[in-house]
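In the order they appear, the protein sequences are chains A and B. Residue numbers for the first sequence follow the numbering used here, so the first one is 1 and each next one is one higher. Residue numbers for the second sequence follow the numbering used here, so the first one is 1001 and each next one is one higher. Idealized CB from N, CA, C, for every residue including glycine. Okay, so here's the structure we're looking at.
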Amino acid sequence: MKKYFLDIFESIRTILIGLKITWSHLFTRACTVQYPEVKWELPERSRMRLFNKIEDCIGCGQCVRACPVDCIYMTTEKRNKEEDPWFASDGTPIKLKVTQFDIDMSLCCYCNLCTYPCPTHCLVMTPEYEFAVHTKKDFLYRFAKEEPSVMSDPATPQPTSN
Amino acid sequence: MNFFREILLEQLPGFREFPSIVQTFLPMLLGCLVCLALVALFPLIAVWLERKVSAHMQDRLGPMRVGGWHGWAQTIADGVKLLTKEDIIPKGADKLLFKLAPLVVFVGGFAAFVVLPFSDQFIVSDLNIGILYVVAISSLGVVGVIMAGWASNNKYALFGGMRAAAQIVSYEIPTVLAILTVVIPVGSLSMQEIVKAQAGGVLNWFIFQPVTFFAFFIFYIGTLAEVNRTPFDIPEAESELVAGYHTEYSGMRFAFFFLAEYANMFLVSAIAVTLFLGGWHGPWLPGPVWFIFKSMCLVFLQMWLRWTLPRLRVDQLMYVSWKVLLPIAFVLVLAAGTIALITEGPA
């Protein structure tokens, strides 16, 4: 009998404690970020969209080999020796003309493995993350400035790939 | 009814020349329209409020987009969405009962609004058995809930319907006993008489009287269970029963259940205000403002409890009703009777 009344008082007490907690949270500032208006500052070295500064690319193809999902397509042409020598911004001579440098961001797994071997640091991950598009084709980013004479094999991604 | 009749007499010049049947029914129609407007409008506000309250209690913001200022139009948008949705009736469902159930639930809540005393004048019908009528007509909702659960031909819906029946019938008893503790000192079942008995200051409200103070809490817990609000929402426990008795409902039929739930929230709060919190009595402001303000405070309390407490188990639910609330309610009724006997003498 004593326990019966104690239980009732205990339940009332605990309900009041709970109500107090929720009441205090009613007036604490919400932690919601109103996304399009307010954005979080991304942490340093966030891995978002890839960018290739094509002027510095020497066409070594190390990124292509490093990519675990093969989403970088590259075609190069040998430069004529009589032409003026080109140099990347860090002084590396550019002996190959990159005629195609396509990255399919829909395949990219954001592992960052392609940027490490890049000798001229021209392939980097940018903090840009708002790049949703309407068709899958638009995820193919073309960085090369000139049209290649021959496209590397899977240059255009198929809309329906398994 | 006289209130609406007088309004019509003032506003409608040729009202006296109308045929007598029109003179009888037009005030009724007006009263019902006012109630319907309230029943339709209140959920719009309450759903928004509930989402806001719940969000802020969880340190979120809730709807913020639709309509500009803090997403005030979110509920309207949701209502339009529900209206335009496909109306699906399951193949194995009992079609007649399936279609009837939301209406029964809604009508049960709506009809009780007729006796709510918004002010000394503003009451659609001051029945002399007002509170009994409320208890009777709001129990109609249980029938609708069982109908919905049965007609859906779905195990979850049936479980929800059965649970709702068990719960609402169980909690009706302590609730009605708590009402009795008010009815005994007042000596009347009329809603207006109950309010008038609490005239003259806050201390005359029944919540500040010794016996009815406890009765208020029993009434409040009981009504909380009757309108299936958390912590008593086991008839529609999402984590166990999908959505309980309205699992198979979609579109406008679902909206009717939703509407009825929120209308019932206001209804039980309004009855609690009438019985215990002095009804429309209050200083400076007109009666309806006080009445709705007090009711909204209790509605807020319902939301507050919902977002604080976890759901009860079925056995705990029955324990609270039959072994805690009911004995206390009996003691309170006895105490109220004894006090009435001492103060007023044997009738």
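Judged by DSSP secondary structure, Gln1167 (chain B) falls within the alpha helix (DSSP H) whose first and last residues are Lys1155 to Val1186.
The C-beta separation of Gly1144 (chain B) from Ala1101 (chain B) comes to about 5 Å, placing the pair in contact by the 8 Å criterion. In terms of Cβ geometry, Gln1192 (chain B) and Asp1126 (chain B) form a close pair [threshold 8 Å]. For Phe1122 (chain B), there is no enclosing beta strand (DSSP E), as DSSP marks it with neither H nor E. With a cutoff of 8 Å on beta-carbon distance, Val1333 (chain B) and Thr1181 (chain B) are scored as near each other. Asn52 (chain A) is bridged by DSSP to A:Leu123. Per the Cβ contact rule, the region 1186-1202 of chain B is not in contact with the region 1325-1339 of chain B (fewer than 3 Cβ pairs under 8 Å). Using a CB distance cut-off of 8 Å, Gly18 (chain A) counts as an interface residue toward chain B. By the rule that beta-carbons nearer than 8 Å mark a contact, His1056 (chain B) touches chain A.
Straight across, the Cα-Cα distance linking Met125 (chain A) with Tyr110 (chain A) is about 8 Å. Judged by DSSP secondary structure, Ile1129 (chain B) falls outside any beta strand (DSSP E); it is assigned neither H nor E.
Per the C-alpha coordinates, the member of B:Pro1231, B:Tyr1133 and B:Ile1292 positioned closest to Val1114 (chain B) is B:Tyr1133.
Taken in chain order, the members of the region 1285-1315 of chain B whose beta-carbon sits within less than 8 Å of a beta-carbon on chain A are Trp1304, Leu1305, Trp1307, Thr1308 and Leu1309. Listed along chain B, the residues sitting closer than 8 Å to His25 (chain A) by beta-carbon distance are His1056, Met1057, Gln1058 and Asp1059.
At a C-beta separation below 9 Å, Thr28 (chain A) has these neighbours in chain B: His1056 and Asp1059. Per DSSP, the unbroken alpha helix (DSSP H) holding Asp1078 (chain B) starts and ends at Gln1074 to Thr1084. The alpha carbon of Ile1339 (chain B) has as its nearest neighbour, out of B:Ile1137, B:Gly1187 and B:Cys1035, the alpha carbon of B:Gly1187.
Met74 (chain A) is bridged by DSSP to A:Phe101.
Here the alpha carbons of Lys1052 (chain B) and Phe1098 (chain B) stand approximately 32 Å from one another. The C-beta distance from Cys114 (chain A) to Ala66 (chain A) rounds to 5 Å, short enough to meet the 8 Å contact threshold.
For Leu140 (chain A), there is no enclosing alpha helix (DSSP H); the enclosing beta strand (DSSP E) covers residues Leu140 to Arg142.
Listed along chain A, the residues sitting closer than 7 Å to Met1064 (chain B) by beta-carbon distance are Gln34.
Contact check for Leu1044 (chain B) against Thr1075 (chain B) passes: the beta carbons are separated by less than 8 Å. With 16 or more other Cβ atoms inside 10 Å of its own Cβ, His1281 (chain B) counts as buried.
In this structure Leu1026 (chain B) is in contact with Leu1008 (chain B), their Cβ atoms being roughly 6 Å apart against a cut-off of 8 Å. With fewer than three CB-CB distances shorter than 8 Å, the region 23-40 of chain A does not count as touching the region 85-100 of chain A. For Ile94 (chain A), no Cβ of chain B is located within less than 8 Å of the residue's own Cβ.
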